[in-house]
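First residue of the sequence shown: 319, per the working numbering; consecutive thereafter.
For each residue, glycine too, the CB sits at the ideal point set by N, CA and C.
No experiment lies behind these values; they were computed from the predicted model shown.
Everything below concerns the one structure shown next.
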Amino acid sequence: MIRTLACAFCVFFLSFGILKAADMPDSELFVVRNSKSKFESVYKKGIKLGYYYYEELTHKMMPAFNGTPYGAGGAGCPGNKTLINFHSFDCVTFVETWWALSFTLYEYQSNHVPEAASPFKQFCKNLNRIRYFGGENCGIDHRIHYFTQELEELDRSGLAFNVAMANGYPFKKTINYISKNEERYGDLSTSRQQKSVERVLNKTPRYFYPTKHRARYYPMAKDGDIIAFASTEPGLDVSHCGIITVEDGEPKLNHASALYNKVVIGQDLDRYLRGRTGKVNGFFVYRPKHK
319 MIRTLACAFC VFFLSFGILK AADMPDSELF VVRNSKSKFE SVYKKGIKLG
369 YYYYEELTHK MMPAFNGTPY GAGGAGCPGN KTLINFHSFD CVTFVETWWA
419 LSFTLYEYQS NHVPEAASPF KQFCKNLNRI RYFGGENCGI DHRIHYFTQE
469 LEELDRSGLA FNVAMANGYP FKKTINYISK NEERYGDLST SRQQKSVERV
519 LNKTPRYFYP TKHRARYYPM AKDGDIIAFA STEPGLDVSH CGIITVEDGE
569 PKLNHASALY NKVVIGQDLD RYLRGRTGKV NGFFVYRPKH K
């Protein structure tokens, strides 16, 4: 009860920019093996670049993740603890980790956080920022379960924007996969909060690139774009996601692949889409805006 009230106050104050962020206590973290030292290693690589330009940062740092094993790595992690795992990624945790890492680098290189603040703890808070409503882990009910909802929350916060709003098409599919699959999601599927989330998500205007119009995105692609692939599964928003880099004018997909059982860097996006016919019918693109 106390934690719930604390989370409610935190969400309130964060919404109005009043609350000063403090280091997350270790008791709120679930750190897989030596993931902290792995974070520190890749963080130092980013700091050594000596400047902050998101597109170039993405292009230079993506290879550091190449070959990382596939997997969420969250076995045994309590719902009220934040999972920190640099030993394995699924597609979502890979994108979440990259966004939180890049935003942390931006904050430090732009002097938006005190020098004495711990980069690792700031990274952990940024993970919560993309994973949980209000940026605070108050348990499973506060986890954002639809990936497009994560992207929309970044958009509402001014930290990303939907590229397809410029030249894409409205996404009109009804999203209710969790509430329609009680046998898989249990109490979550019947909770009022989850049903409310789905109603809000379905009322939110969203734009995407249908597969047959995918070439509309290609000239606009930039390093660091977050891409999420629209699923043909009834009620489900997306089935996969990754980060875009651009090589010789061609968009490449960087993602944690279940097929290859590892993080794959520089896969041809168009070839990937052609191979997903019948399972994917388009994609969303959100471009981070670090400010």
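Expected contact under 8 Å - CB spacing of residue i and residue j to nearest Å
i: G600; j: A539; result: Going by Cβ atoms, the distance from G600 to A539 rounds to 15 Å, so no, they are not a contact pair.
DSSP-derived helix/strand/coil call for residue i
i: A574; result: strand
i: C559; result: strand
i: V564; result: strand
i: R447; result: helix
i: D541; result: coil
i: R592; result: helix
i: F610; result: The chain is shown from 319 up to 609; residue 610 falls before or after that span and cannot be answered.
i: K439; result: helix
i: I365; result: helix
i: I402; result: strand
i: A548; result: strand
i: I496; result: coil
i: A533; result: helix
i: V518; result: helix
i: I462; result: coil
Alpha-carbon to alpha-carbon, residue j and residue i
i: F383; j: V581; result: 7 Å
i: Y426; j: V360; result: 14 Å
i: R594; j: H558; result: 11 Å
i: R502; j: S436; result: 38 Å
i: A482; j: R474; result: 16 Å
i: L591; j: C409; result: 16 Å
i: A533; j: G542; result: 18 Å
i: K354; j: K439; result: 10 Å
i: D586; j: F479; result: 23 Å
i: I544; j: Y369; result: 22 Å
i: K513; j: A574; result: 29 Å
i: D588; j: A434; result: 45 Å
i: I448; j: A418; result: 8 Å
i: V603; j: A393; result: 30 Å
i: K597; j: E551; result: 7 Å
i: I583; j: N352; result: 23 Å
i: I458; j: V515; result: 14 Å
i: K607; j: E373; result: 11 Å
i: R605; j: A546; result: 12 Å
i: Y495; j: Y487; result: 22 Å
i: E346; j: T529; result: 41 Å
i: F411; j: T492; result: A quick correction: the sequence has Thr, not Phe, at residue 411. Going from the Cα of T411 to the Cα of T492 covers about 25 Å.
CB contact check: residue i to chain B, cutoff 8 Å
i: Y370; result: The chain inventory of the structure shown lacks chain B, comprising one protein chain alone.
Determine contact between the region 561-574 and the region 441-459, defined as no fewer than three beta-carbon pairs at a distance below 8 Å.
no
Cβ contact check for the region 400-408 and the region 524-541: 3 or more pairs under 8 Å
no
Could you tell me which uninterrupted beta strand (DSSP E) segments, each at least 3 residues in length, are contained entirely in the region 373-433, listed from first to last along the chain?
400-402
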